[in-house]
Amino acid sequence: MQMKQQVKEQFNHFLSRKNLKTTLQRNLVVDAMVELDRHTHVDELYLLLRAKHPYIGHATVYRALRLLAESGLVREINLGDGITRYRLARQGERRDYLVCSDCGGVTEFENGLVEKEQLKRAHSLGFMVESFKIELKGLCRHCQGRNSRTH
Ligand SMILES: [Zn+2]
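Count along the sequence shown from 1, add 11, and you get the number used in our numbering.
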């Protein structure tokens with residue numbers, strides 16, 4: 012509850028800076044993202060919301076997600092499969108992902124060492140880093156097992 016209120020307040024702040032209105036439907040998208048707290052995409056989220064709120068539109072969900080991503084409250088990742096995934100951002104988080112090229116599964120991991128080294132290097136080149144993302148592609152444990160059975 013606390014979390015929902017906090018995210019909504021920050022989002023409303025962002026919207027008012029952009030001269031956009033807080034709407035019931037936008038708030039529904041925020042609530043759903045806080046409740047889910049995992050990666051989702053617009054089609055899935057739309058179906059989830061529509062089950063409870065039949066009047067909600069696909070375009071509305073899409074636009075709300077885009078705005079949430081723009082505000083930084085929601086993280087957006089593109090893995091090259093044409094599906095944009097979204098997840099609620101955690102404070103101070105980095106974006107490190109293991110991406111399975113077979114099933115498309117996404118696992119998050121943390122390794123502060125790589126980030127630290129990269130930031131140091133960027134800094135020495137006079138570059139101001141605003142975001143940081145590591146993406147490792149390969150096969151997840153599940154798909155490795157499946158592949159070894161079929162080959
Ligand atoms: Zn996999």
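Every residue gets a Cβ at the ideal spot worked out from N, C-alpha and C, and that includes glycine.
Fair warning: this is a prediction, and the values are worked out from it, not measured in the lab.
- The beta carbon of Tyr57 sits closer than 6 Å to the beta carbons of His69 and Val72 from its chain, once the five residues preceding and following it are set aside; these are given in chain order.
- For Arg61, the enclosing alpha helix (DSSP H) begins and ends at Val53 to Lys63.
- At a threshold of 7 Å, Asp42 does not count as near ligand 1, since its beta carbon sits no closer than that to any of the ligand's heavy atoms.
- Look at which beta carbons fall closer than 5 Å to any heavy atom of ligand 1; those residues are Cys111, Asp113, Cys114, Gly116, Cys151 and Cys154.
- Cβ atoms of His52 and Val117 stay farther apart than 8 Å, at about 11 Å.
- Beta-bridge partners assigned by DSSP to Glu146: Tyr108.
- Contact check for Leu60 against Ala43 passes: the beta carbons are separated by less than 8 Å.
- Spatial neighbours of Val41 in its own chain (CB-CB distance under 6 Å, excluding positions within 5 residues in sequence) are listed in chain order as Val18, Lys19 and Phe22.
- Following the DSSP letters along the chain, one finds Tyr66 in no alpha helix (DSSP H), marked with neither H nor E.
- The shortest C-alpha to C-alpha distance from Leu147 to any of Thr34, Ser112 and Arg77 is the one to Ser112.
- With 16 or more neighbouring CB atoms inside 10 Å of its own CB, Tyr97 falls in the buried class.
- Secondary structure at Asn30: coil, using DSSP grouped into helix, strand and coil.
- By the Cβ neighbour-count rule, Ala75 is buried, with 16 or more other Cβ atoms within 10 Å of its own.
- For Leu99, the enclosing beta strand (DSSP E) covers residues Thr95 to Leu99.
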